[in-house]
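Just below is one structure, and these are the notes that go with it.
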Amino acid sequence: MKGSKIFLFAVLIFTFVLSGCNFEKKEIYNIATGTTGGTYYPIGVGMGQLWTEHYRDENIKFNGQASAGSVENIDLLRNGEADFAILQGLLSTQAAEGSGIYEGNQYEELRAVGMIWPNVEHFVLMENFVESGDISDIDGRSFSVGPQASGTEQSTVTMMEGIGLDKSDIRTEYLGYDDTISSMRDGRLNGGSLPAGVPVSAITDMYASGLNAAILDVTDEQMADINGIVNTWYRYTIEAGTYPRQEEDIETIAQPNVLVTTSDMDEELVYNLTKILFENREYMINIHNSAREMQVETALEGLNTPLHPGTYRYFEEQGVEIEDHLKPEELREEGN
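Under the numbering used here, the first residue of the sequence shown is numbered 622, with each subsequent residue one higher.
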């Protein structure tokens with residue numbers, strides 16, 4: 622009995638000492654991004670650094686983690702291996718609606734934090750095959766739709782469907798951005814799809830190296846037809862001078878790169894993170910130039926995924942007009 626009392630006393634003393642040493646376990650949130658060579662990764666890592674700095678006193682940390690991109694990011698969110706993720710607007714829409722590749726597998730808990738920069742469509746084609754000057758010119762050509770199972774492939778095929786084409790109408794290749802331009806230079810490929818924030822380094826190289834190729838326009842009619850498949854694209858002008866030797870504006874379209882989380886995430890936390898992100902734009906621009914288009918005024922462009930309640934509250938306070946389909950189900954239920 623005496624030995625038991627001594628042991629219990631020792632345990633109590635040890636517990637007291639530990640509590641006095643403030644051994645508080647850090648709370649870590651993961652942000653799923655993309656491959657280390659793309660734009661998603663540096664933006665996600667920079668975002669994590671920004672948030673961590675603001676939550677340093679609370680011992681909360683946010684980590685940007687590399688991934689294969691949008692499709693894997695949705696899986697990581699579903700499995701609880703990520704708390705936030707950057708998604709291509711097309712895949713965010715399809716997952717939230719249960720359409721496209723997510724037909725019968727709707728992700729009802731998916732919530733948007735906002736569009737953080739536009740994913741601008743660049744369909745490039747060798748000049749000797751350019752006829753109308755718009756994306757219909759890829760018909761019958763050897764054309765890269767992006768790596769297999771990538772977000773690039775998904776968006777390219779959807780755009781093709783919108784203008785009445787499919788893979789049988791082209792000689793399909795599955796190449797990354799640098800390999801696409803390299804193959805065009807070597808005469809092994811007529812063109813390819815390279816969606817990204819402007820300027821795209823591979824396309825800068827295309828122009829700077831003197832490759833006789835062009836970025837194709839997207840007409841208003843084509844944009845309407847493409848949005849008839851999935852309504853997530855909007856008009857985007859690549860202004861003259863964006864790329865070397867680019868003397869005229871290029872009228873294309875863009876879809877949002879969307880920061881998302883889930884309905885399980887704490888409302889006050891998401892409100893604060895949204896506020897920190899959009900009110901520290903200069904910090905993010907220093908991380909990557911694509912963030913220059915991260916603005917409250919355009920944060921809902923092309924979005925179809927319902928907003929998180931915390932984000933909804935922030936944008937309401939900023940006077941942003943929020944379309945009804947972006948109101949989260951949680952707030953609709955409160956209203957009832």
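The beta-carbon is built from N, C-alpha and C at its ideal position, and this holds for glycine as well.
Note that the structure is predicted; figures quoted are calculated from it, not measured.
To which residues of the same chain is GLU955 closer than 6 Å at the C-beta, ignoring the five residues directly before and after it? Position 334 of the sequence shown, counting from 1, holds the residue named residue 955. Excluding positions up to five away in sequence, the list is empty.
Tell me the DSSP bridge mates of LEU708? Indexing the sequence shown from 1 puts residue 708 at position 87. By DSSP's assignment, LEU708 forms a beta bridge with VAL879.
Starting from the C-beta of ARG902, find all residues in its chain whose C-beta is less than 6 Å away, skip the five residues before and the five after it, and write them out in chain order. Here residue 902 refers to the residue found at position 281 when the sequence shown is read from its first residue. Excluding residues within five positions, the ones whose Cβ falls inside 6 Å are MET915.
Member of ILE943, PRO927, GLY940, GLU938 whose CA lies at the smallest distance from the CA of GLU951: On the sequence shown, position 330 is the one that residue 951 refers to. Per the Cα distances, PRO927.
Below 8 Å, can you find three or more Cβ-Cβ pairs linking the stretch 822-836 to the stretch 704-712? No, they do not touch.
Under the DSSP definition of a beta bridge, which residues are partnered with TYR650? Locating residue 650 in the sequence shown gives position 29, where the first residue counts as 1. For TYR650, which the question treats as bridged, DSSP gives the partners PHE683.
With a 10 Å radius around its C-beta and 16 neighbouring C-beta atoms as the bar for buried, classify ASN700 as buried or exposed. Within the sequence shown, the letter at position 79 stands for residue 700. Answer is exposed; the Cβ neighbour count stays below 16.
Whole angstroms is fine: what's the gap from GLU794's alpha carbon to SER720's? For the purposes of this step, residue 794 is taken as the residue at position 173 of the sequence shown. For the purposes of this step, residue 720 is taken as the residue at position 99 of the sequence shown. Whole-angstrom Cα-Cα distance: 26 Å.
Let me know the secondary structure DSSP gives VAL734 once reduced to three states. Position 113 of the sequence shown, counted from the first residue, corresponds to residue 734. Of the three classes helix, strand and coil, the one that applies to VAL734 here is strand, per DSSP.
Is GLU774 buried or exposed, if buried means 16 or more other CB atoms sit within 10 Å of its CB? As a position in the sequence shown, residue 774 is number 153, starting the count at 1. Buried, by the Cβ-count rule.
Where does ARG953 land, buried or exposed, given buried means 16+ other C-beta within 10 angstroms? Counting from 1 along the sequence shown, the entry for residue 953 is found at position 332. ARG953 counts as exposed, since fewer than 16 other C-beta atoms from the protein chains shown sit within 10 angstroms of its C-beta.
Among ARG856, LEU894, VAL851, nearest to GLN715 - alpha-carbon criterion: Here residue 715 corresponds to residue number 94 of the sequence shown, with the count starting at 1. If we check each option's Cα against that of GLN715, VAL851 comes out closest.
SER640, DSSP secondary structure in three states: Residue mapping note: residue 640 aligns to position 19 of the sequence shown, counting from 1. Note that SER640 scores a pLDDT of 39, beneath 50, so its modelled location is shaky and nothing firm can be said.
DSSP state of THR777, grouped into three classes? Position 156 of the sequence shown, counted from the first residue, corresponds to residue 777. It is helical.
Extent of the continuous beta strand (DSSP E) to which SER765 belongs: Within the sequence shown, residue 765 is the residue found at index 144, counting from 1. Bounds of the beta strand (DSSP E) holding SER765 are 763-765.
Taking PRO930 as the reference, which of ILE897, LEU898, VAL891, ARG913 has the closest Cα? Within the sequence shown, numbered from 1, the residue matching residue 930 stands at position 309. Cα-wise, what sits closest to PRO930 is VAL891.
Rounded separation between ARG913 and ILE722 - CA only: Mapped onto the sequence shown, residue 913 falls at position 292. Mapped onto the sequence shown, residue 722 falls at position 101. Distance between the alpha carbons of ARG913 and ILE722 is about 31 Å.
Helix, strand or coil for GLY862 per DSSP? Taking the first residue of the sequence shown as position 1, residue 862 is located at position 241. Reduced to three states, the DSSP call for GLY862 is coil.
Hey, would you say LEU786 sits closer than 8 Å to TYR798, going by beta carbons? Numbered from 1 along the sequence shown, position 165 holds the residue referred to as residue 786. Numbered from 1 along the sequence shown, position 177 holds the residue referred to as residue 798. Contact: no.
Across which residues does DSSP place LEU894 in a beta bridge pair? To locate residue 894, count along the sequence shown from 1; it is residue 273. In the DSSP output, where bridge partners are listed per residue, LEU894 has none listed.
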